[in-house]
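In our numbering, the protein residues as written are -7 to 208. Note that the Cβ used here is the ideal one computed from N, Cα and C, for glycine as well. It should be emphasised that the depicted structure is a prediction, and the values quoted were computed from it without experimental measurement. Worksheet for the structure shown next.
What follows is the structure in structure tokens.
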């Protein structure tokens, strides 16, 4: 019996599967995200994200086609229309920027994912100036993108590459405990924010963990 090679790409249906699973994970993590945010902010990040992501479920269930870029852009636009404050546009940009970079594609390999999410990271920095080390979602996103690129260069399967990216995002998320917040309401608390996980970084780690899991 011939060995079955692991898939090297994520297609439209695979992306929808991931996004629907992510909605479930964000909704289930609402209270945990609120608790993280309460330590340094308004305490409503989880509720805001849960509401915004839940609203994308209908889009995901009704959308059909082949263009993965348009699917991601639709999700990002929906999040942007519901989630306010600084967090809404930032999280939405992860999806809208990645979607713009993937427009017209029917499937994604590791190189595509690295390029798309690098575009997201660049747009987020342009939007608000945040970068790795500022105790934001960038502390999880940038390391994960680097691992995706390295995995592509090493010719890993998409499963193995996403596992590595998820691990990098998780480590990056944990690293925010040792950082002082420089953005949002948390920046006014200075050293009081040390010891707390940034909820945005946690959300990105959750995103990569879900993507890795649904690729298996």
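Simplified DSSP assignment, three categories, for residue i
| i | result |
| --- | --- |
| residue 55 | coil |
| residue 146 | coil |
| residue 172 | coil |
| residue -7 | Caution is warranted here: a pLDDT of 42 is assigned to residue -7, below 50, making its placement in the model unreliable, and no coordinate value can be reported. |
| residue 100 | strand |
| residue 29 | helix |
| residue 3 | strand |
| residue 121 | coil |
| residue 126 | coil |
Rounded Cβ spacing between residue i and residue j (contact assumed at less than 8 Å)
| i | j | result |
| --- | --- | --- |
| residue 45 | residue 71 | 7 Å |
| residue 152 | residue 143 | 7 Å |
Close-in-space but distant-in-sequence residues of the same chain around residue i (CB under 7 Å, 5 per side omitted)
| i | result |
| --- | --- |
| residue 66 | 51 and 55 |
| residue 137 | 106, 109, 110 and 113 |
Own chain partners of residue i with C-beta closer than 6 Å, once the 5 adjacent residues on each side are dropped
| i | result |
| --- | --- |
| residue -6 | Unreliable positioning characterises residue -6 in this predicted model, as indicated by a pLDDT of 46, which lies under 50. The coordinate reading is nonetheless provided below. Nothing listed; no residue qualifies. |
| residue 197 | 132, 161, 162 and 165 |
| residue 192 | 128 and 129 |
| residue 87 | 64, 67 and 68 |
Limits of the unbroken alpha helix (DSSP H) element including residue i
| i | result |
| --- | --- |
| residue 189 | From DSSP, residue 189 is part of no alpha helix (DSSP H); its letter is neither H nor E. |
| residue 207 | First-last for residue 207: undefined, no H or E at that position. |
| residue 64 | 60 to 74 |
| residue 85 | 79 to 93 |
Residue i Cβ short of 7 Å to the ligand HEM heavy atom set
| i | result |
| --- | --- |
| residue 97 | The model on display carries no ligand, and the ligand HEM is accordingly not part of it. |
Beta-carbon contacts of residue i that lie in its chain and below 8 Å, excluding the five residues immediately before and after
| i | result |
| --- | --- |
| residue 177 | 32, 33 and 34 |
| residue 15 | 45, 46, 48, 49 and 52 |
| residue 119 | 81, 82 and 85 |
Of the listed residues the options, nearest to residue i (C-alpha basis)
| i | options | result |
| --- | --- | --- |
| residue 125 | 115, 19, 171 and 80 | 171 |
| residue 2 | 113, 141 and 100 | 100 |
| residue 42 | 195, 112 and 88 | 195 |
| residue 202 | 37, 112, 30 and 159 | 159 |
| residue 79 | 136, 63, 137 and 122 | 122 |
| residue 6 | 17, 60 and 36 | 60 |
| residue 96 | 36, 69, 64 and 10 | 64 |
| residue 21 | 10, 38 and 30 | 38 |
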